[in-house]
Amino acid sequence: MGFNLSGLAINKNYESEFEDLQKQLGWTLEKQSEIDFETASSNWTDDGICDVYFSEKGTLLFLSMDMCTASWGLKTNNTLTFALSETAMAFNIKYSENSVEKRSIMEVNGEKMEDEGQKLDVEANSEDASEIIWNQLEAVLGKRFWDIEPDEKATRYVFGKAKKHEDRTEPQEIKIENHKTIVITPKKWWQFWK
């Protein structure tokens, strides 16, 4: 069984400035409960949920895949917005520095649908899109995903009324096998490949 995760990684620990982070992202989050990292990182985060983990140097927010189709940039930080479905072999990578998107990759079944920007340093040691995500997560968080203990503390939040960024970008045309062209909104790109 493969991993199915999506979220936003930030190269700053926002634990003591979490209200400020919400303002920068335009979100309103309501705390629900303390959970462990294993629960936070389990397959697919439901819509309306935001599970948060703080590493020593970073912040990792697990979000629904719908929220991870476009970049979430912050003015003074590096961010990795990612959607990783090893079961569907679909990967979406958006890396930004100081709100400027530097790298964008969308890959489905080994075929790159999008490949823009300058290659990340981790790409030299990554064999595929999945490895790019895992390695860039480590670069942004300052800690390997695999070194986070399952029982480490995380927190579950739910989105309040002032939610999100659905449909922040225009629909895209994606060309696939047999020269078919499909127009798909970024919010729903991953559903096509399920």
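Residue 1135 is where the sequence shown starts when you use the numbering used here, and the numbers rise one by one after that.
Glycine included, every Cβ here is placed at the ideal spot set by N, Cα and C.
What are the start and end residues of the alpha helix (DSSP H) that includes residue i?
i                  : result
threonine 1173     : 1171–1174
leucine 1271       : 1263–1275
phenylalanine 1293 : Not the alpha helix (DSSP H): phenylalanine 1293 falls in the beta strand (DSSP E), residues 1287–1293.
leucine 1159       : 1152–1159
Just to confirm my understanding: we take residue i, look at its own chain, exclude 5 residues before and 5 after, and list those with CB closer than 6 Å. What are they?
i                  : result
asparagine 1312    : Reliability fails at asparagine 1312, whose pLDDT of 44 lies under 50, so the model's placement of it is uncertain and the value that follows must be treated cautiously. Taken in chain order, the list of residues that qualify is empty.
methionine 1223    : Asn1243
histidine 1299     : Bear in mind that the predicted position of histidine 1299 carries a pLDDT of just 47, short of 50, making it unreliable; the figure below should be weighed with that in mind. Closer than 6 Å at Cβ, skipping near neighbours: no residue.
phenylalanine 1196 : Gly1141, Ala1174, Thr1179 and Asp1185
asparagine 1211    : Ile1144, Asn1145 and Lys1146
glutamate 1241     : Phe1225 and Ala1263
lysine 1297        : Annotation note: pLDDT 45 at lysine 1297 (below 50); position unreliable, no value reported.
serine 1238        : Lys1228, Glu1248, Glu1250 and Gly1251
Identify, in the order they occur along the chain, each residue of the same chain with its Cβ nearer than 7 Å to the Cβ of residue i, setting aside the five sequence neighbours on each side.
i              : result
lysine 1404    : This structure cannot speak to residue 1404, because the chain is shown only from 1135 to 1328.
leucine 1271   : Ala1143, Leu1214 and Phe1279
aspartate 1181 : Ser1198 and Asp1200
glycine 1136   : Glu1220 and Thr1221
serine 1260    : Ile1266 and Asn1269
glutamine 1166 : Arg1290, Tyr1291 and Val1292
valine 1256    : Ile1266, Asn1269, Gln1270 and Ala1273
State the start and end residues of the unbroken beta strand (DSSP E) segment that holds residue i.
i                  : result
leucine 1197       : No beta strand (DSSP E) contains leucine 1197, which DSSP labels as neither H nor E.
phenylalanine 1137 : Neither: phenylalanine 1137 is in no beta strand (DSSP E) and is coded neither H nor E.
glutamate 1250     : 1245–1251
aspartate 1185     : 1183–1188
Residue i and residue j look like a contact to me (Cβ under 8 Å); what is the Cβ gap, rounded to whole Å?
i             : j              : result
cysteine 1202 : serine 1140    : 4 Å
glycine 1192  : lysine 1146    : 7 Å
lysine 1277   : glutamate 1190 : 7 Å
tyrosine 1291 : leucine 1155   : The pair is not a contact, with the Cβ atoms about 11 Å apart (cut-off 8 Å).
leucine 1275  : leucine 1194   : 6 Å
Once the 5 residues before and after residue i are set aside, which same chain residues still bring their CB inside 8 Å of it?
i              : result
glutamine 1158 : Leu1208 and Lys1209
glutamate 1286 : Asp1170, Phe1171 and Tyr1187
serine 1233    : Gly1207, Leu1208 and Lys1209
lysine 1295    : Thr1162
* For the 8 Å Cβ check, are there 3 or more pairs between the segment 1277–1287 and the segment 1175–1194? -> Taking 8 Å as the limit for Cβ pairs, the verdict is that the segment 1175–1194 does touch the segment 1277–1287.
* How about the segment 1249–1262 and the segment 1149–1162: do they share at least three Cβ pairs that are nearer than 8 Å? -> Result no; under three Cβ-Cβ pairs closer than 8 Å.
* Asked: Is the segment 1262–1277 close to the segment 1221–1233, with three or more CB pairs under 8 Å?
  -> Yes: at least three Cβ pairs fall under 8 Å.
* What are the uninterrupted segments assigned as beta strand (DSSP E) that are 3 or more residues long and contained completely in the segment 1200–1236, given in chain order? -> Correct list: 1212–1219 and 1224–1231.
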